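Contents: one structure, followed by commentary.
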Amino acid sequence: MQAGKDKVISFHYTLTVDGQQVESSFDGGEPLWILLGHGQLIPGMEAGLEGKSVGDKFDLEITPEQGYGARQDGMTQRVPKKYFPQQGKGLKAGDTTVLSLKEGGQRVVVVQKVGSSVVDIDLNHPMAGKTLHFTIDVQTVRDASEEELSHGHAHPKGDGEH
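Residues 1 to 162 in UniProt numbering are what the sequence shown spells out, letter by letter.
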């Protein structure tokens, strides 16, 4: 079976950026489970997985345009510490953290400066403007269940457990 829209795929991966390994699931980690075609991955990764089968091992290079986009100047904002986990305690310039949004949800940001009650952040994704290099090993390709399709994401055990 080949990976494509509405297929559940699991895979191990290593992400390398600028010659440095950023993360990997190969070292005893769980594979990533995805429902393809539902926007859970950056566009270049979705396209790179299309047509792959169990046992396929390959390298994938993703340009910024197919990844997290180009870096945009002026994407900085001053935000009260209350919008950060634990009110920004322990944050320092250069840290990557999660910002809780007023309208719900979260956004990954990079800290530029920490003041007594506010944090200056860069709203560009930390991987914006970077070429991403993935090494991928496909573990599973299967049809999505009706429940997975209605939920819009994969259930690794196929039983609706989240």
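Where is the CB? At the ideal position from N, CA and C, for every residue including glycine.
Every value quoted in this text rests on a predicted model; they were computed, and no experiment measured them.
| Query | Result |
| --- | --- |
| Given this structure, state the Cα-to-Cα distance separating SER150 from SER117, to the nearest angstrom. | 42 Å |
| Between ASN124 and GLN40, how many whole angstroms is the CB-CB distance? I'm expecting something under 8 Å. | Going by Cβ atoms, the distance from ASN124 to GLN40 rounds to 21 Å, so no, they are not a contact pair. |
| Is it buried or exposed, MET45, if we count other Cβ atoms within 10 angstroms and call 16 or more buried? | buried |
| Which same chain residues, not among the five before or five after LYS52, have their C-beta less than 6 Å away from its C-beta? | ALA3 and VAL138 |
| Examine the Cβ distances between the stretch 29-40 and the stretch 55-69 and report whether three or more of them are shorter than 8 Å. | no |
| With a threshold of 16 other CB atoms inside 10 Å of the CB of MET127, please say whether the residue is buried or exposed. | buried |
| What first and last residue would you give for the alpha helix (DSSP H) that runs through PRO43? | 43-49 |
| Output the distance between the C-alpha atoms of ALA154 and PRO43, rounded to the nearest integer angstrom. | 18 Å |
| Please give the ranges of any beta strand (DSSP E) in the stretch 81-145, keeping only runs that are unbroken, at least 3 residues long and fully inside the region. | 96-100, 106-114, 118-122 and 132-143 |
| Would ALA144 be called buried (16 or more neighbouring beta carbons within 10 Å of its own) or exposed? | buried |
| Cα separation between ALA49 and LYS130? | Checking the displayed sequence, the identity of residue 49 turns out to be Leu instead of Ala. Taking the straight line from one Cα to the other gives about 20 Å. |
| Classify SER10 as buried or exposed, calling it buried when 16 or more other Cβ atoms lie within 10 Å of its own Cβ. | buried |
| Quick one: grab the DSSP three-state call for GLN66. | helix |
| Just to confirm the assignment, what range does the beta strand (DSSP E) spanning SER24 have? | 20-24 |
| Is VAL98 near the ligand COA - that is, is its Cβ less than 7 Å away from at least one heavy atom of it? | In terms of ligand content, the structure shown is empty, and the ligand COA therefore cannot be addressed. |
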